[in-house]
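Trainee: To start, I am sharing the structure in question, which I have written as structure tokens.
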Ligand code: ADP
């Protein structure tokens with residue numbers, strides 16, 4: 001039966017005014033790639049609903065799952081959204097609802113999920129005035145609010161999906177990188193909070209040439225391994241001579257969790273973002289599950305509460321969900 005006149009138009013209008021999205025958790029740094037490499041996860045993330053409003057500006061109307069500020073300028077979704085609004089000619093505004101599953105301060109890109117999600121959804125609702133690459137600097141404004149540094153290594157993989165390399169910040173140049181199909185991540189989150197801003201403060205500002213050489217050899221090796229589907233090369237390259245030796249001191253049981261993961265068959269293991277989460281990459285879901293078991297046992301032995309996630313790589317990034 002043909003649709004009554006006008007019904008199709010009405011449905012289109014309703015769809016265009018509101019969008020529900022999945023915003024993936026992300027692992028940043030990935031051992032050797034401090035501030036430049038990141039990857040999106042598939043089985044853990046937040047949800048957001050964005051709605052166009054006639055009223056200008058941005059209102060955060062609901063946050064569920066966590067106690068975070070509703071004030072636009074204190075919430076990373078608001079901060080990135082305001083940067084987006086400043087750069088486009090739209091004269092209305094947006095309402096935002098945030099449903100958090102990723103704990104703030106966990107090291108798997110909680111702030112990035114909201115920052116990237118807000119600008120991705122706004123762009124969709126306005127029929128994509130910006131490319132994905134152009135959305136990155138807006139989302140980085142949310143990261144500036146969360147950590148004091150406008151880094152892109154979580155928001156880039158959230159927006160593009162898969163692995164991303166931030167080749168340069170000035171000018172911004174983000175390179176999406178393919179990855180082998182059977183690559184899985186296991187991420188364990190000991191239930192302690194480390195603020196990104198605090199874990200940045202303990203880093204040294206100078207590195208030795210010797211460590212620099214090792215580190216950029218590994219970054220090149222990791223990127224090559226991802227392109228070539230070479231799991232052994234990926235594993236050999238998951239080394240961090242600069243950040244991990246300092247930051248791992250803040251994470252209880254780090255060395256034991258890492259050894260347990262590697263001894264169980266993980267390709268490599270390191271700090272996720274600024275911690276305290278620890279990630280391991282494995283070839284195939286079965287090994288990723290065994291690695292999860294081995295990591296859990298370490299925390300059970302030392303009586304540290306944890307959450308654990310096993311996920312394939314999310315190659316799509318933020319995605320629209322059924323309403
Ligand atoms: P993560 O690495 O998990 O993103 P950070 O420590 O970098 O954790 O950022 C979390 C900080 O950002 C917290 O201080 C939190 O209160 C603040 N914040 C503001 N808005 C949000 C939001 N929508 N989602 C997550 N964190 C937010």
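Residue numbers (my numbering): 1 to 323. Ideal Cβ placement from N, Cα and C applies to all residues, glycine included.
Using a Cβ cut-off of 8 Å (strictly closer), state whether residue 26 contacts chain C.
Mentor: The structure shown contains no chain C; it holds only a single protein chain.
Trainee: With respect to the alpha helix (DSSP H) encompassing residue 217, which residues constitute its N-terminal and C-terminal limits?
Mentor: Where residue 217 is concerned, the enclosing alpha helix (DSSP H) stretches over 209-228.
Trainee: Taking the Cβ atom as the reference point for each residue, do residue 331 and residue 98 lie within a distance shorter than 8 Å?
Mentor: With the chain covering 1 to 323 only, the question about residue 331 has no answer from this structure.
Trainee: Nearest-angstrom Cα distance between residue 167 and residue 179?
Mentor: If I take the Cα positions, the gap works out to 17 Å.
Trainee: From the DSSP output, read off the bridge partner residues of residue 163.
Mentor: Residue 163 pairs with 39 and 177.
Trainee: Taking the straight line between their C-alpha atoms, what separation do you get for residue 263 and residue 32?
Mentor: Roughly 20 Å separates the two Cα atoms.
Trainee: Cβ of residue 45 versus every heavy atom of the ligand ADP: is any distance shorter than 7 Å?
Mentor: Result no, Cβ not under 7 Å from the ligand ADP.
Trainee: Out of curiosity, what's the CA-to-CA distance linking residue 130 and residue 255?
Mentor: Answer to the nearest angstrom: the Cα atoms are 43 Å apart.
Trainee: In three-state DSSP terms, what is residue 102?
Mentor: Coil at residue 102, not helix or strand.
Trainee: Report the CB separation of residue 60 from residue 78 in whole angstroms; it is logged as a contact under 8 Å.
Mentor: Rounded, the Cβ-Cβ distance is 6 Å, consistent with contact.
Trainee: Going by the C-beta, is residue 76 closer than 7 Å to any heavy atom of the ligand ADP?
Mentor: Flag set: Cβ of residue 76 near the ligand ADP.
Trainee: Examine the ligand ADP and report whether any of its heavy atoms sits within less than 7 Å of the Cβ of residue 110.
Mentor: Yes; taking the cut-off as 7 Å, the Cβ of residue 110 has a heavy atom of the ligand ADP nearer than that.
Trainee: DSSP three-state label for residue 321, please.
Mentor: Note: residue 321 maps to coil in three-state DSSP.
Trainee: Would you check whether the ligand ADP has a heavy atom nearer than 7 Å to the C-beta of residue 220?
Mentor: Residue 220: no, Cβ never under 7 Å from the ligand ADP.
Trainee: Looking at the ligand ADP, does it come within less than 7 Å of residue 139, judged from the CB to the closest heavy atom?
Mentor: Result no, Cβ not under 7 Å from the ligand ADP.
Trainee: Considering only their Cβ atoms, is the gap separating residue 36 from residue 163 smaller than 8 Å?
Mentor: Cβ atoms of residue 163 and residue 36: not closer than 8 Å.
Trainee: Would DSSP call residue 137 helix, strand or coil?
Mentor: Reduced to three states, the DSSP call for residue 137 is helix.
Trainee: Which residues mark the beginning and the end of the beta strand (DSSP E) in which residue 25 is found?
Mentor: Unbroken beta strand (DSSP E) run through residue 25: 18-28.
Trainee: Quick one: grab the DSSP three-state call for residue 192.
Mentor: In the structure shown, residue 192 sits in coil (DSSP, three-state: anything other than H, G, I, E or B).
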